[in-house]
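This report refers to the structure that appears directly beneath it.
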Amino acid sequence: MATVEHCLLCFEALDAALNNTKPLSLDELRASWAVYNSSTASPSVFSPKDPALQRVAGTTTADSDSVSASSSSTTSIGASTPATSASSLTPATVSSAPLFVTWNTIEDPDVDDEEDGVSLRGCIGTFESQPLAEGLPEYALISALQDTRFPPVAKRELPGLQVAVTLLTDFEEAADARDWDIGTHGIRLSFHDKGRRYGSTYLPDIASEQGWTKDETLFSLVRKAGWTGSRSRWTELELKVTRYQGKKRSLNYDEYKKWKDWAAKQA
Numbered sequence: 152m153a154t155v156e157h158c159l160l161c162f163e164a165l166d167a168a169l170n171n172t173k174p175l176s177l178d179e180l181r182a183s184w185a186v187y188n189s190s191t192a193s194p195s196v197f198s199p200k201d202p203a204l205q206r207v208a209g210t211t212t213a214d215s216d217s218v219s220a221s222s223s224s225t226t227s228i229g230a231s232t233p234a235t236s237a238s239s240l241t242p243a244t245v246s247s248a249p250l251f252v253t254w255n256t257i258e259d260p261d262v263d264d265e266e267d268g269v270s271l272r273g274c275i276g277t278f279e280s281q282p283l284a285e286g287l288p289e290y291a292l293i294s295a296l297q298d299t300r301f302p303p304v305a306k307r308e309l310p311g312l313q314v315a316v317t318l319l320t321d322f323e324e325a326a327d328a329r330d331w332d333i334g335t336h337g338i339r340l341s342f343h344d345k346g347r348r349y350g351s352t353y354l355p356d357i358a359s360e361q362g363w364t365k366d367e368t369l370f371s372l373v374r375k376a377g378w379t380g381s382r383s384r385w386t387e388l389e390l391k392v393t394r395y396q397g398k399k400r401s402l403n404y405d406e407y408k409k410w411k412d413w414a415a416k417q418a
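If you count by this note's numbering, then the sequence shown holds residues 152 to 418, one letter each, in order.
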C-alpha cells in the first residue's frame with residue numbers, strides 16, 4: 152500500500168527538477184517526516200544536526216509568489232506483467248513493486264472528496280517491479296513531464312497539483328474478460344485484430360470513479376488501446392485480461408509545502 156512518504160517523494164522529485172535542486176532520498180524523507188509528525192506540538196524536539204532536515208532547509212526554493220478526474224486514464228510502460236506479485240503489501244515491508252504515479256490539477260480545493268474537484272494532468276507507470284526509492288522519483292518525473300497527452304508540468308503549476316501513488320499487487324490471469332470486480336481490481340487488456348496487437352490498462356479506482364459497468368470499462372479500454380473498429384464489433388474481439396489490485400494514496404501540494412516550510416525553519 153502506498154504511503155504519504157511515497158507521495159512526498161514524488162513531489163520532492165518534481166519540485167527539485169523544476170527548481171534545479173537536489174531532492175531528498177526516500178530514507179532521508181522518511182526520517183524527516185517522522186520528526187515532523189512527532190514535533191508539531193513542540194518543534195524544539197528537532198535537532199538541527201539531523202542531516203535529512205538540514206538538506207531540506209538547504210534546498211527549499213519553492214516560489215512563495217506562485218499562484219496556484221474526469222477520465223483518469225493511465226499510460227503504461229513495460230511490456231510484461233509480473234508472474235507473481237506480493238500480496239497485501241504493508242508500508243513497513245515493501246521496498247519494490249510495480250507502480251503508477253498520477254498527477255492531477257486541483258480544480259476545486261473546497262471539495263472534501265479528494266477524487267472530486269480534480270482533473271488528470273499526467274499518469275504513467277510500469278508493471279515491472281521497481282525499487283521504490285528510485286522508481287517513484289523516476290516515474291513522478293516521467294508522468295509529469297513526458298505524458299504525451301499533456302504539455303510538461305511547469306513550475307507555476309506546482310501549487311495547484313495533487314499526486315497519487317498506486318502500488319500494484321496480486322496479479323492474476325482472469326478466467327474471461329469479465330472475471331474481475333469493479334472497485335477492487337485494475338485490469339490490463341490485450342488483444343489482436345487484423346495482425347496488430349493492442350493493449351491498455353485502468354487502475355483499480357477508475358471504473359468506480361467513472362461509474363462504468365464492466366462492459367463500459369472494457370469498451371473504453373479497447374478504444375484507449377487504439378482500436379478504431381465498429382462499436383458493434385468490439386464484443387467479437389478475443390480479449391485477454393490480467394487483473395490486479397492496488398490501493399491509491401493521494402497528497403495535495405499544500406501538504407507537501409507545509410512539511411518543506413516546517414523543515415526549513417528548523418535549521
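The beta carbon of each residue, even a glycine, is placed where N, CA and C say it ideally should be.
Can you tell which of the options has its C-alpha closest to the C-alpha of residue i?
i    : options                : result
P249 : K173, A284, D259, R272 : A284
L169 : I357, L402, A291, E360 : A291
K408 : R339, R400, Q313, E367 : Q313
T256 : D405, A153, G276, A414 : D405
C274 : S294, P288, Q281, P282 : S294
T386 : P302, A328, T364, K416 : A328
S246 : V252, F301, D178       : D178
R300 : N171, Q361, T253, A414 : T253
T172 : E323, R384, K306, K416 : K306
S270 : Q361, A185, S190       : Q361
D298 : S401, L309, G276, Y187 : G276
E308 : T317, L372, R272       : R272
D344 : P174, G380, L372       : G380
Ignore the nearest five residues each way along the sequence and tell me which others in residue i's own chain have a CB closer than 8 Å to its CB.
i    : result
Q396 : L319, T320, D321, T335, H336, G337, P355
L180 : E156, L159, L160, E163, A203
Y187 : W410, W413, A414
L372 : I338, L340, S351, T352, Y353
S176 : A284
By a C-beta neighbour count over all protein chains shown, 10 Å radius and 16 as the cutoff for buried, is residue i buried or exposed?
i    : result
D259 : exposed
N403 : buried
E367 : exposed
A414 : buried
K471 : For the chain, the structure presents residues 152 to 418; residue 471 sits outside this window and is missing.
F278 : buried
G346 : exposed
A358 : buried
T352 : buried
P288 : buried
E389 : exposed
R382 : exposed
T364 : exposed
P174 : buried
P282 : exposed
Residues in the same chain with beta-carbon distance under 7 Å from residue i, minus the five sequence neighbours each way, listed in chain order, please.
i    : result
G377 : Y349
G286 : L250
S280 : P233, S247, A248, P249
F370 : W385
R374 : none
L296 : P303, V304
I333 : A358, S359, K365
Can you list, in chain order, the residues of its chain with a C-beta nearer than 6 Å to that of residue i? Leave out the 5 residues immediately preceding and following it.
i    : result
K391 : S341
W331 : A325, I338, R394
D166 : none
K398 : M152
A315 : T253, K399, S401
L185 : The residue asked about is misnamed: residue 185 is Ala in this sequence, not Leu. Excluding residues within five positions, none has a Cβ falling inside 6 Å.
E323 : R394
With hydrogens ignored, establish whether the beta-carbon of residue i is closer than 7 Å to any heavy atom of the ligand COA.
i    : result
F322 : By its list of ligands, the structure shown contains no ligand whatsoever, and the ligand COA lies outside what it can speak to.
Problem set entry | Length-filtered (4 minimum) alpha helix (DSSP H) runs lying within the stretch 247 to 300 | 283 to 296
Problem set entry | Segments assigned beta strand (DSSP E), at least 3 residues, entirely inside the stretch 332 to 405 | 337 to 344, 347 to 353, 391 to 396, 399 to 403
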